[in-house]
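Here is the structure we will look at.
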Amino acid sequence: MASGAITPVIGETFALTDARAAHVAMLARQTTGKVVLDPTR
8 MASGAITPVI GETFALTDAR AAHVAMLARQ TTGKVVLDPT R
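Here is the structure:
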């Protein structure tokens with residue numbers, strides 16, 4: 008990934024405190040791409 012050969016598609020970023028909402032969004036198939044939990048938000 009450092010070389011840029013693989014680029015992940017980030018669909019949505021959630022704060023770590025919103026992990027439950029992120030999980031619900033994934034289960035409901037409301038996201039496309041990767042779901043990221045950001046502990047700094």
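According to the numbering used here, the residues represented by the sequence shown are 8 to 48, in order.
Using N, Cα and C, we set each Cβ at its ideal position, and we do this for glycine too.
Remember, predicted model here, so these are calculated numbers, not experimental data.
As assigned by DSSP and simplified to three states, the class of residue i
i     : result
Thr20 : strand
Nearest-angstrom Cβ-Cβ length linking residue i and residue j, presumed shorter than 8 Å
i     : j     : result
Arg48 : Ala22 : 4 Å
Straight-line gap, residue i to residue j (C-alpha atoms, nearest Å)
i     : j     : result
Gln37 : Ala28 : 11 Å
Asp25 : Ala35 : 15 Å
ask   = For the 8 Å Cβ check, are there 3 or more pairs between the stretch 15–32 and the stretch 40–48?
value = yes
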